[in-house]
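A.B. asks: So the sequence shown is numbered by my numbering: it starts at 8 and just counts up by one. One structure coming up, written as structure tokens, with questions to follow.
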Amino acid sequence: MTVISGERKTWRPLVLIASLGFFALVAQTLLFREFLTVYEGSEFGLASFFASWLLCLALGALLGRLPRRYAAAGAPGFEWLGFLYLPAYVLQLWLISNSRLLAGVHAYELFPFWKMLPVSLLANAPVSLTTGFLFVLACGWISGQGRFPATRVYTWETAGSVLGGIAATIALTVGLSGETCILLAMMVVTSAMALQAQTRKRIVVPVAMTLLLLSVLLSGGAARWEQRNLVRAWSRILPSDAFEGSFTTPQARYLYGEHRKQFNVIAWESVTESFPETEHASEMAAVCLAQAPAARDILVIGPGSLPLCRRLLEMPDLRITYLHPDPEYPSRLMSLLPSAQAAGLARLILPGADIRRFLDRDFQPFDLVILNIPDAAALALNRYSTLEFYRQIKSRLTPNGVVCARFSGGENYMGDETAGLGASLVYTLGQVFSHLALKPGDESWLAASDSDFLSEDSSVLRQRLAAIPGAEAIYPPEGLMSLYPADRIRFQWQAYRSAIEAQPTGYFLNTDRHPKASLYSLLLAGKASDGAAWSSRLLNRLAHTSVWALWLAILVMALLRMLYRRRRASATSEKASVYDVALLLTSVGWVGLSLSLAMMFLYESREGSLFLFVGLLSALFMLGLVAGSLMANRRLERPDANPRSLAAVLLGGLALFIAGAAAGLSHLPASFLILLFLPAGLFCGALIPPMVALLQARGFSSPTAGGVVELFDNLGGVLGGFFTGLVLLPVYGVEATLLVLLALVLVNLPILGRRTTAEARGDPWDRFARAAGHVMAGLMLVFVLFTRFHHPAADSELILFEKAARKMAADKTLLLKKGLSIHGRDTGYFRVDEGGENPSWIYRSDDYAGRIAGYGGPMSAAVWVAGDGRLKSLAIYQSRETPAYNRMLRGWLEALKGVSLFQAEAIAKIDGVSGATMTSQAVLELLRKSGSSFAGLVLGRQTGISEVASSRAAFSWSLVFFYALMLGALLVRRHPSRWVRKVFLLSVVILAGALFNLQYSLDHVISLLLGNAPSPSWSVAFAMIAIVPLGSILFGNVYCGWLCPFGAIQEWLGDLVPARRRWTPPKTLWRFARHMKYVLLFVLLASAAMMSRASVDEADPLTRVFIQFPKGLLSWGLVFLLAISVFFRRFWCRNLCPAGAFLSLLGDMTWLRKWRPVIHPARCDMGVRRVGELDCLQCDRCRMPNAKPVSRGQWLAGLLLMVLALVSAGSIARKAWMPEPISSVAKGRICERSGVGQSRNLDASRIRQLISENQLSDREALYYRPASDDEEEDAP
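Below you can see the structure in the form of structure tokens.
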């Protein structure tokens, strides 16, 4: 096969390309349905699907660039590659169906996001990799057609995708199975292949394949394939012999069968209906009827509610109407139920309509509405818990009507996510109804009404239920007594009210445009996933970050991009332009998918699930892509065409479209909303041809240009899928999401305003590393901005103080009192009633001592002091100390109990903690000042402590030695000597390491960047946090070369091995490992800023290596690093140290570059290749008299170094991002900073009373084990 030349233009190759696009979208539509089923239909699953699909497309484009000679030769035999699609689909279908098996997750378990992500990447690979691979080869195959073959391939493939999306939607609507659809789609491909064949020999194979597929369809092969897949899906949950059949609606696919005398329905990889299910249904009926005993017309809403309807119908006076989120489901299920089980449902009213449309058009009033809706883990369910929905329900209620809504609560413990979910429901329902009543528990119910008839008194509710005729046959009224324990009701109400009060007004309001219920359901799902609580922490932190941080972050990235272009234009202006094209393509891909997701979200909130219509919506968007691409390509065919100007005009048009959408999108009806997919695709598609033209103008071949377009367009889609689907829409809502997309479009306009010229390309990896470095530097600034705009109102100090006080006092009574603080303002403290004549008090340290700073920054504590001044307990509830410091202080804090705070000499005699001197001294100062002030201002006692000076002198000998070493390093550098350096490094290990713990670490970097640096003072903290970075800016990275104790140990160990036995990697290979520390710095700073600083401090071994010398050096991780340093010189410093990477970045900014000693890279045995390289340690070994040129190195050693560095970096990054087991974390903290997470204090007297009233059993539980001492200590 030869290139399709310009002389032989034909529409046949384009038809084949269109057929490949047709098959790809049909396959995507079918696989999307299967993916949502296996991955639970949540937003995590939705984001995983699109992100992994697009990422594999990008990887496929990269693979397509590998056979360059094949592509350059016109990709001979390309038309046969379409046969790859069918086996790729079969393999992908099997991978998706068995994703849980591959991830080790059982069918009844929640699919953890951190397991879902890698498995989804594997499961989505076959078809998407094939699509990206064929796209690049197709560009070479038709390279002779027109000026821009890549644009033609993009246009025709997208046109085929449009037809595929429409065809798939129609086929599924008329009831064809997915197996039949995919075989028909493959017949389209083989027919196009036959059409392309130019000889009889070439036409035989595709025609034979077409006939074979047709015979399979006619013989029922597709039906048998479908049946086998259905049985396999059923058997993942229930025995295969119980399977009876399936049915499909526009919302989902359902499997049904009878097992153990129960009729079961399976959907979304779980049992959604089990009929009859009597016990739970009876309890729900009793809870709701007790709040509305006079109800006659009842509306039941929610999946799995058919057993509830049956129990209610056993009462002859009730009229029950049942609505399901899937309107077709109830009637389909009723037609399948066995006659014996369907007998009690004859009077059930099934409108078969969408819930919200039914409420809009039906004017029948209801006395009681029961909302048995699952938590809104998917945006499609959020529409049933919004302000607009509750207003619809209220309009259909009688004057004293009641709404009962189910939600996830908490038994004895409530975390931030659970409390936030309940607070959103409480606040939103409270905006519509004037009275609320709570039924507590793991499955909680909230009753709402404008009548004051609601009650939380179990005895009242028992009497009401007993008075309803026939209710006792459904549920014994006495059973309600155990469902409404007063202490649990108070516990949950307190959690919800605290959460609401801690946030700005309206924060918890759940609306169609701001899905707060969906957000907190996602947070709860993320936290419930084993090992994936990091995703919940990240979303929770973003939820408390202003959207202005996103806009400012985009502006920062744009400014850094312009700065990079100014610095690099003279040397690498061609590649700077290519990077601009890549950035534009990434932005277009991001914006395009994000627009689709935003409109799909609004469609879901109004119409329900996308299960059936996702193909149609995708087809409309792709139709816009085709139209835009064709129009732009025709404009570029003109001789006077200017790709830059055209791209700028299109970006302006896209910006205007997004601005208009942000203003009116939420108010458009669903029919107009669907049509907007077309112009959204039009602008995004029209931007592709100018990008291709810019690439080809700079010498890129058609396959290469196509590969770049496919790669970066899909990478942008990956970012849009994750960030928009999981962050922007759930956290900020539709309008803010669109405005963020608008900013992303606008910042690209300046890039198109400057022309560049083609110059020498230089080293590809160095160019990439420089560009990636600027991106990561910008993102680091973004992370800092996020912390600045982060407003954790849920963690307000007063709430944290109250929680700490109640936790210390346990079951003792706390009485809030008012008193005068040292600031001259009234403040609150607690009087603890201990049942005797001598009271005690708990006060807040900030009110009576001011802000006392430890090593990591200011700390706040709750201090419990007895009447005679003895310290009873101390709880530090706000602190930025590292977990390593916290562990050292834990025993010391316990030893402080009993010390008198009112005696002048008692505190002065206490010694601090070696290795945590500054923090322990801060705690003593806090107790000294606060105890004296509290005694004087509140109790009216004069202690004399305020006149007693602190016994600890401000002068620090450790700083004297540190500054002396710093000055000595600068002097020794003038005339470096090997033995002088050895002696100097030994003194650094002894003085700066073992004796005084002057080890610079990532903790100091984070303190500086996040604004936690202490004020200028003669202190170790100020020296490490501020002086060390300042020294790097002034003199270069002298600290790493001369003053780092851990680096000095590594160098000493490396010198023990003769040079001939040392492993020396080639410098060209070593640079890959050396750049890893910058990536690690980026990853760890992201974790610290967006999630948890404590986990990052734990990940960096330098934070604790000299705290308990020499124990710190004996941990397994440090032993591993030191052992490697024997063979690879300064392994940690050169490849992994994030703190060293930060100082290297500062060293590149040095103001005194002219006075820096000149180095000799040829003699460097640590990988430096040229003068001015970023991460030179300034060790001066290359300047010493006996320094010799180093060898070229061994490639095997380089590969081994890469593997060791990758494994080590991965371990460190995982430690920072993945949570530790609760037991290990709890032991390392002196404070907890969760917003409302707290345990319920058990009232022992109340429990005894309930037992005596026969409301609780007095028998020992059958299934339990006594908690160990460690577990009791770690309990929340």
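Idealized CB from N, CA, C, for every residue including glycine. Note that the structure is a prediction, hence the values are computed from the model and not measured.
Quick check on Val409: does DSSP put it in helix, strand or coil?
C.D. replies: If DSSP states are grouped into helix, strand and coil, Val409 belongs with the strands.
A.B. asks: Given this structure, state the Cα-to-Cα distance separating Ile244 from Gln258, to the nearest angstrom.
C.D. replies: Looking at the two C-alpha atoms, the distance is approximately 21 angstroms.
A.B. asks: Going by other Cβ atoms of all chains shown within 10 Å of its Cβ, with 16 needed for buried, is Phe1053 buried or exposed?
C.D. replies: Buried, because 16 or more other Cβ atoms sit within 10 Å of the Cβ of Phe1053.
A.B. asks: So, with DSSP's three-state summary, where would you put Thr393?
C.D. replies: In this structure, Thr393 counts as coil in the three-state DSSP scheme.
A.B. asks: Applying the criterion that 16 or more other CB atoms from any shown protein chain within 10 Å of the CB defines a buried residue, is Arg981 buried or exposed?
C.D. replies: So Arg981 counts as exposed.
A.B. asks: How long is the line joining the alpha carbons of Ser7 and Ala132, rounded to whole angstroms?
C.D. replies: Here the chain covers residues 8 to 1283 and nothing more, so residue 7 does not appear.
A.B. asks: For the pair the segment 739-758 and the segment 594-606, tell me if three or more CB-CB distances fall below 8 angstroms.
C.D. replies: Touching, yes.
A.B. asks: I need the boundaries of the beta strand (DSSP E) containing Ala1030, first residue and last residue.
C.D. replies: From DSSP, Ala1030 is part of no beta strand (DSSP E); its letter is neither H nor E.
A.B. asks: Starting from the Cα of Tyr96, find the closest Cα among Pro74, Ala31, Leu722 and give me that residue.
C.D. replies: Tyr96 has its Cα closest to that of Ala31, out of Pro74, Ala31, Leu722.
A.B. asks: So, at 6 angstroms on beta carbons, what are the nonlocal neighbours of Ala882 in its own chain, with the 5 sequence-adjacent residues on each side left out?
C.D. replies: Result list for Ala882: Ala811, Met815, Ala869, in chain order.
A.B. asks: Going by Cα to Cα distance, which pick from Ser342, Phe1029, Phe270 is closest to Pro314?
C.D. replies: When only C-alpha atoms are compared, the closest one is Phe270.
A.B. asks: Counting C-beta neighbours from all protein chains within 10 Å, is the total for Ser247 16 or more, i.e. buried, or is it exposed?
C.D. replies: Answer is exposed; the Cβ neighbour count stays below 16.
A.B. asks: Give me the Cα-Cα distance between Leu23 and Tyr92, rounded to the nearest whole angstrom.
C.D. replies: One C-alpha to the other measures close to 13 angstroms.
A.B. asks: Note down the Cα distance separating Pro74 from Ala199, rounded to an integer number of angstroms.
C.D. replies: For Pro74 and Ala199, the distance between alpha carbons rounds to 25 angstroms.
A.B. asks: Count the other CB atoms within 10 Å of the CB of Pro20; is the residue buried (16 or more) or exposed (fewer)?
C.D. replies: By the 10 Å Cβ count, Pro20 comes out buried.
A.B. asks: Out of Trp555, Leu992, Gln501, Phe1029, state which residue places its alpha-carbon closest to the alpha-carbon of Arg813.
C.D. replies: Checking every option, the nearest Cα to that of Arg813 belongs to Gln501.
A.B. asks: Could you have a look at Ile1114 and say whether DSSP puts it in helix, strand or coil?
C.D. replies: Of the three classes helix, strand and coil, the one that applies to Ile1114 here is coil, per DSSP.
A.B. asks: Please go through the same chain and pick out, in chain order, the residues whose beta-carbon is closer than 6 angstroms to the beta-carbon of Ala634, but skip the five residues on each side of it.
C.D. replies: Around Ala634: Leu689.
A.B. asks: Locate the beta strand (DSSP E) running through Gln258, then write down its first and last residues.
C.D. replies: Per DSSP, Gln258 belongs to no beta strand (DSSP E) and is neither H nor E.
A.B. asks: In its own chain, which residues sit with a C-beta less than 8 angstroms from the C-beta of Ala626, not counting the 5 before and 5 after it?
C.D. replies: Correct list, in chain order: Leu32, Ser168, Val169, Leu170, Gly171, Gly172, Ile173, Thr176.
A.B. asks: I'd like to know if the segment 299-311 and the segment 405-424 are in contact, where contact means that at least 3 CB-CB pairs between them fall below 8 angstroms.
C.D. replies: With the cut-off at 8 angstroms, the segment 299-311 and the segment 405-424 touch.
A.B. asks: Quick check: what's the CA-CA separation for Thr165 versus His521?
C.D. replies: Each residue's Cα considered, the two are about 33 angstroms apart.
A.B. asks: Give a yes or no on whether the C-beta atoms belonging to Pro696 and Leu658 are separated by under 8 angstroms.
C.D. replies: Cβ atoms of Pro696 and Leu658: not closer than 8 angstroms.
A.B. asks: Report the option in Arg231, Asp374, Ser342 whose CA atom is closest to the CA atom of Leu324.
C.D. replies: Looking at the sequence itself, residue 324 is Asp, so the reference to Leu does not match. Here the closest residue by C-alpha is Asp374.
A.B. asks: Nearest-angstrom Cα distance between Leu977 and Val1045?
C.D. replies: For Leu977 and Val1045, the distance between alpha carbons rounds to 8 angstroms.
A.B. asks: Report the three-state DSSP secondary structure of Gln885 (helix, strand or coil).
C.D. replies: Strand, per DSSP.
A.B. asks: To which residues of the same chain is Ala25 closer than 6 angstroms at the C-beta, ignoring the five residues directly before and after it?
C.D. replies: Hits under 6 angstroms: Trp163, Ala166, Gly167.
A.B. asks: Note down, in chain order, each residue of its chain lying with its Cβ closer than 7 angstroms to the Cβ of Glu1239, except the 5 sequence neighbours on either side.
C.D. replies: Because the pLDDT at Glu1239 is just 35, under 50, the model does not fix this residue reliably, and the value given afterwards should be weighed accordingly. If we look at Glu1239 and ignore the five residues flanking it on each side, it has no Cβ neighbours.
A.B. asks: With a floor of 4 residues, list each alpha helix (DSSP H) that falls wholly inside the segment 1175-1232, ordered by position along the chain.
C.D. replies: Those alpha helix (DSSP H) runs which fall completely within the segment 1175-1232 and span 4+ residues are 1202-1224.
A.B. asks: Measure the Cβ-Cβ separation of Leu759 and Gly692 and say whether it is below 8 angstroms.
C.D. replies: Going by C-beta atoms, Leu759 is not nearer than 8 angstroms to Gly692.
A.B. asks: Using the C-alpha atoms, what's the distance from Asp1107 back to Asn845?
C.D. replies: The straight-line gap from Cα to Cα measures roughly 48 angstroms.
A.B. asks: Mapping the DSSP letters down to three states, classify Leu23 as helix, strand or coil.
C.D. replies: It is helical.
A.B. asks: In three-state terms, what does DSSP make of Ala556?
C.D. replies: Ala556 falls in the helix class under three-state DSSP.
A.B. asks: Is the Cβ-Cβ distance between Gly359 and Pro337 less than 8 angstroms?
C.D. replies: A contact, by the Cβ cut-off of 8 angstroms.
A.B. asks: Would you decide whether Ala215 is buried or exposed? Buried here means 16 or more other CB atoms lie within 10 Å of its CB.
C.D. replies: The residue in question, Ala215, is exposed, as its Cβ has fewer than 16 Cβ neighbours within 10 Å.
A.B. asks: Where does Leu355 sit, in a helix, a strand or coil, going by DSSP?
C.D. replies: It is coil, neither helix nor strand.
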